[in-house]
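Asker:
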Amino acid sequence: MNISIRQLFGRKPKSSSIAKQRLKLVITQDRLDVDDRMMMRLQHELTEVLAKYFEFSMNSVQVSLKHEGNSCTLVADFPYKKAHDLSVNR
Amino acid sequence: MGRVIVVTSGKGGVGKTTSTANLGTALALLGKTVVIVDADVGLRNLDIVMGLESRIVYTSMDVIDKHCELSKALVRDRRVDGLTLLAASQKNNKDDIQPAQMKAICDKLRSTHDFVLVDSPAGIERGFSNASAGADEAIVVTTPDVSAIRDADRIIGLIQHARIEPINLVINRFSPELVGNGSMMDQADVMDILNIDLLGIVPEDTGVITSTNRGIPLVYEETSAAAHAYMRIARRLTGQQIPIPDLEQKGLFTSILNWFTRKS
Ligand SMILES: Nc1ncnc2c1ncn2[C@@H]1O[C@H](COP(=O)(O)OP(=O)(O)OP(=O)(O)O)[C@@H](O)[C@H]1O
Ligand SMILES: [Mg+2]
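Structural data, given as structure tokens:
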């Protein structure tokens, strides 16, 4: 409410809200970008788990982070050929 | 068994030493036995901020090198019962001490004190690993500006990694006026970004500078805003439930706006 009335009066956005927005973005990146080794490990372990259920070539798994605005998404790409027949193993 | 609390920050100069001195004194004024430990080897300051610089004979380095007993290296603050200081060596540098040696000192101190407060150097390097080696808890000090908060987040990550908890935040040099006119982030903004528990807010206060000049921690004369803030934080540390007051000062314009737009 405050803000919209201020905007009616043609006020510039508060510098504190700009600071907060910029910080949120940069900290999300700081938190996630630090650890390349963790990403490699994740990719490796993910591949191991997925291999139990699906048939695919081991090197095709791609794990990456996508930043969009203020949020960050973990994306895992694994083009699989077909699912294992799990009933056989039972 | 006492609690070992490391007082740390990412960015330098945000008020770790000021906070350690005042919280240590405040806890002693509340009747606790306290030792404040300067872990800023090579750049020691806690002694001069406390006004004890002329009485330092031995440092933690002497204890590690077995030049003296730990108890002999503790300087008693004569102004209040139960407060002592363990100074850092000014001649050595951070690499001369191992984290395990700091941990051994903290473990000994905790058996004879209610609180062991460790004043850490800024940053994420060796100084931090030494200062935090013996800690069970951490207080992260930050000022409400972008670089200090960004660096605070980095140090919080390291503290979490070292499995030290709880981690509590102190926001220092808070200016109610600047928050009121929208030029400084308020406590909700900072908490939203850093996502750890808030232990207290210390306002910007010229009394901090004059008390440092004199070597008399602010909390001895409980008159200024910052002294009150530090006393409240110390009480919270002892487990008392003290609400964190809303320091924000509404400007005239905001007050009028709030009056018009207030919710019934
Ligand atoms: N609440 C406050 N109001 C006004 N000045 C303050 C406040 N807190 C700290 N200061 C001033 O800021 C300066 C830095 O404080 P201090 O030495 O406690 O920071 P520090 O984090 O220990 O620094 P370093 O990283 O170098 O060890 C000092 O000059 C101190 O007087
Ligand atoms: Mg300091």
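So the protein lines, in turn, are chains W and R. If you count by my numbering, then the first sequence holds residues 264 to 353, one letter each, in order. If you count by my numbering, then the second sequence holds residues 2 to 265, one letter each, in order. A virtual CB, placed ideally from N, CA and C, is assigned to each residue, including glycine. From a predicted model like this one, the values you see are computed outputs, not experimental measurements.
From the beta carbon of Val338 of chain W, is the nearest beta carbon of chain R less than 9 Å away?
Answerer: no
Asker: Evaluate Gly13 of chain R with the Cβ neighbour count: other Cβ atoms within 10 Å of its Cβ, from every protein chain shown; 16 or more gives buried, anything less gives exposed.
Answerer: exposed
Asker: Taking its Cβ as the centre, do 16 or more other Cβ atoms sit within 10 Å of Val338 of chain W, making it buried, or is it exposed?
Answerer: exposed
Asker: Taking CB distances under 9 Å as the criterion, tell me whether Val147 of chain R reaches chain W.
Answerer: yes
Asker: Who pairs with Asp198 of chain R in a beta bridge, going by DSSP?
Answerer: R:Asn169
Asker: Tell me the DSSP bridge mates of Pro204 of chain R?
Answerer: R:Phe175
Asker: Roughly how many angstroms lie between the CA atoms of Gly181 of chain R and Val76 of chain R, to the nearest whole one?
Answerer: When rounded, the distance between both Cα atoms is 43 Å.
Asker: Which bits of chain W does Arg155 of chain R rub up against, with CB to CB less than 7 Å?
Answerer: Asp293
Asker: Residues of the segment 169 to 185 of chain R in Cβ contact with chain W at a cutoff of 9 Å, in chain order, please.
Answerer: Leu179, Val180, Asn182, Gly183, Ser184, Met185
Asker: I'd like to know if Ala346 of chain W contacts chain R, where contact means its C-beta is closer than 9 Å to some C-beta of that chain.
Answerer: no
Asker: With a cut-off of 8 Å on the beta carbons, I'd call Lys95 of chain R and Ala134 of chain R a contact; round off their distance for me.
Answerer: Contact between Lys95 of chain R and Ala134 of chain R fails: their C-beta atoms lie close to 12 Å from each other, not under 8 Å.
Asker: Got a sec: does ligand 1 put a non-hydrogen atom nearer than 8 Å to the Cβ of Asn46 of chain R?
Answerer: Answer for Asn46 of chain R: yes, Cβ within range of ligand 1.
Asker: Alpha carbon to alpha carbon, how far is Arg300 of chain W from Val203 of chain R? Give it in angstroms, no decimals.
Answerer: 39 Å
Asker: Val64 of chain R and Val117 of chain R look like a contact to me (Cβ under 8 Å); what is the Cβ gap, rounded to whole Å?
Answerer: About 14 Å separates the two Cβ atoms, so there is no contact after all.
Asker: When DSSP labels each residue in this structure, what does Asp312 of chain W get in the three-state scheme?
Answerer: Inspection of the sequence shows that residue 312 of chain W is occupied by Val rather than by Asp. Reduced to three states, the DSSP call for Val312 of chain W is helix.
Asker: Kindly give me the distance between the Cβ atoms of Ala40 of chain R and Asn131 of chain R, rounded to whole angstroms, as I take these residues to be in contact under 8 Å.
Answerer: 6 Å
Asker: Where does the unbroken alpha helix (DSSP H) through Val64 of chain R begin, and where does it stop?
Answerer: 61 to 65
Asker: Alpha carbons only, please: which of R:Ser72, R:Gly201, R:Glu70 is nearest the one belonging to Arg174 of chain R?
Answerer: R:Gly201
Asker: Kindly list, in the order they appear in chain R, the residues whose Cβ is closer than 7 Å to that of Leu286 of chain W.
Answerer: Here the neighbours are Val147, Ile150, Arg151, Ile194.
Asker: Any heavy atom of ligand 1 closer than 8 Å to the CB of Glu54 of chain R?
Answerer: no
Asker: Out of curiosity, what's the CA-to-CA distance linking Cys107 of chain R and Asp137 of chain R?
Answerer: 10 Å
Asker: On the premise that Ala228 of chain R lies in contact with Gly208 of chain R, defined as a C-beta separation below 8 Å, what is that separation, rounded to the nearest angstrom?
Answerer: 7 Å
Asker: If you draw a straight line from the alpha carbon of Phe341 of chain W to that of Gln325 of chain W, how long is it in whole angstroms?
Answerer: 7 Å
Asker: Nearest-angstrom Cα distance between Arg155 of chain R and Lys345 of chain W?
Answerer: Cα to Cα, the separation comes out at about 43 Å.
Asker: Relative to ligand 1, is the shortest distance from any of its heavy atoms to the C-beta of Arg151 of chain R smaller than 8 Å?
Answerer: no
Asker: I want to check one thing, is the minimum distance from the CB of Ala235 of chain R to the heavy atoms of ligand 1 below 8 Å?
Answerer: no
Asker: Quick one: give me the first and last residue of the alpha helix (DSSP H) that Ile234 of chain R is part of.
Answerer: Unbroken alpha helix (DSSP H) run through Ile234 of chain R: 226 to 238.
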